[in-house]
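Peer 1: For the sequence shown, the numbering used here assigns the number 1 to the initial residue and increments by one for each residue that follows.
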Amino acid sequence: MLTNLELEQILDTKLNAKQIADYAPNGLQVEGRKHIQKIVTGVTATFPLIEKAIELNADAILVHHGYFWKNETPCIRGMKGKRIKQLLIHDINLFGYHLPLDIHPQLGNNAQLANYLGVHNLVGLEDKPNSIPVYGELETPISAKEMAARIERALNRKPTVCDEFIADYPHKLIKTVAICTGGGQGYIDLAAAKGIDAFITGEISEQTTHSAREQGIYFFAAGHHATERDGVKALGEWLAKEYQLDVTFVDIDNPA
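Set out below in structure tokens:
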């Protein structure tokens, strides 16, 4: 059994959280009971996830998407108020880790997805420390159709693909792959500029399709939620193994 502050220190250290600038505070966001043995993990700290944690009598919730994002209202009212009220009433701790959980080289969302897809030798796509997107290579080049099939098998979700590009260049195989889970579609231009064959992320925007078509890079949008399930799940499994904590992953499905 750990205290909530001990758990925060363990997570901060494992994820190098204090060294990564982010859009929300990483760590213990809502303080609950002091001692922690049972943890519920999930992608986003939604009301249904909190209710499930209450049902399981959890001491803490650990998520990728927590609260208190930059530029949102600081007022605790409406949906946010109801969520936080439930945490406080039931004395449940809430831990949130955003970018540190995306980019961790073993447990992170990018690394987990790369492992499922057979993408090896990951390095940062950005020319700076703690790059958010990464890229690597496949052992054997594959077609875009096969990559789409791998994504669907890994995530149980059919990805959105730029079909026109595949139709125009069916002979072009994929060897190098850039990955940025979640809402990382804005990095497609950087991936294209570096000559990467394919870019995989969670979401697609109107301009993303044009970038893929005009710059000759395969693009796959596999779902924000779907691409970010496995980091927090892997982190919870690591906590259970290393610290003998009772950890349950709860997937509150989201089609986005």
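Here a beta-carbon is modelled for each residue, glycine too, at the ideal position from N, C-alpha and C.
As the structure is a prediction and not an experimental result, all values here were calculated from the model.
Tell whether a beta-carbon distance below 8 Å holds between A149 and Y218.
Peer 2: Between A149 and Y218, the C-beta gap is not smaller than 8 Å, which leaves the two residues out of contact.
Peer 1: Which value, in whole angstroms, describes the spacing of the CA atoms of G184 and L125?
Peer 2: 12 Å
Peer 1: Output the distance between the C-alpha atoms of I61 and R229, rounded to the nearest integer angstrom.
Peer 2: 15 Å
Peer 1: Kindly indicate the opening and closing residues of the beta strand (DSSP E) around N121.
Peer 2: V119 to G124
Peer 1: From the DSSP secondary-structure annotation, give me the bridge partner or partners of F47.
Peer 2: According to DSSP, which records beta bridges pairwise, F47 is partnered with nothing at all.
Peer 1: Over what stretch of residues does the alpha helix (DSSP H) that includes P100 continue unbroken?
Peer 2: L99 to I103
Peer 1: With burial defined as no fewer than 16 other Cβ atoms inside 10 Å of the residue's Cβ, what is the status of G78: buried or exposed?
Peer 2: exposed
Peer 1: Give the single residue among F68, C180, K175 and L122 whose Cα lies nearest to the Cα of L196.
Peer 2: One detail in the question is off: residue 196 reads as Ile in this sequence, not Leu. Comparing Cα-Cα distances from I196 to each of F68, C180, K175 and L122, the minimum goes to K175.
Peer 1: Between which two residues does the beta strand (DSSP E) harbouring K18 extend?
Peer 2: From DSSP, K18 is part of no beta strand (DSSP E); its letter is neither H nor E.
Peer 1: Under the rule that 16 or more other beta-carbon atoms within 10 Å means buried, what is D91, buried or exposed?
Peer 2: exposed
Peer 1: Around the C-beta of I89, are 16 or more other C-beta atoms found within 10 angstroms, so that it is buried, or is it exposed?
Peer 2: exposed
Peer 1: How far does the beta strand (DSSP E) with D246 in it reach, from first residue to last?
Peer 2: D246 to F249
Peer 1: Taking the straight line between their C-alpha atoms, what separation do you get for A221 and N156?
Peer 2: 13 Å
Peer 1: In chain order, what residues of the same chain have a beta carbon less than 8 Å from the beta carbon of K70, not counting five sequence neighbours either side?
Peer 2: Y23 and A24
Peer 1: For Q9, name the three-state secondary structure that DSSP assigns.
Peer 2: helix
Peer 1: Which term fits F95, buried or exposed, when burial requires 16 or more other beta carbons within 10 angstroms of its beta carbon?
Peer 2: buried
Peer 1: Specify the secondary structure class of E237 as computed by DSSP and reduced to three states.
Peer 2: DSSP, read as helix, strand or coil, puts E237 in helix.
Peer 1: For the segment 24 to 38 against the segment 107 to 118, are there 3 or more C-beta pairs whose distance is under 8 Å?
Peer 2: Of all C-beta pairs linking the segment 24 to 38 to the segment 107 to 118, fewer than three are shorter than 8 Å, placing the two stretches out of contact.
Peer 1: Can you have a look at S205 and say buried or exposed, based on whether 16 or more other CB atoms are within 10 angstroms of its CB?
Peer 2: exposed
Peer 1: Since E152 is in the alpha helix (DSSP H), which residue starts that stretch and which ends it?
Peer 2: A144 to L155
Peer 1: Could you check whether the segment 8 to 21 touches the segment 51 to 60, counting it as contact only if at least three pairs of C-beta atoms, one from each stretch, sit closer than 8 Å?
Peer 2: no
Peer 1: Contact defined as beta carbons within less than 8 Å: I believe P141 pairs with I151. What is the distance between those atoms, to the nearest angstrom?
Peer 2: The Cβ separation is near 16 Å, so there is no contact.
Peer 1: In the structure shown, what three-state DSSP assignment does E203 receive?
Peer 2: coil
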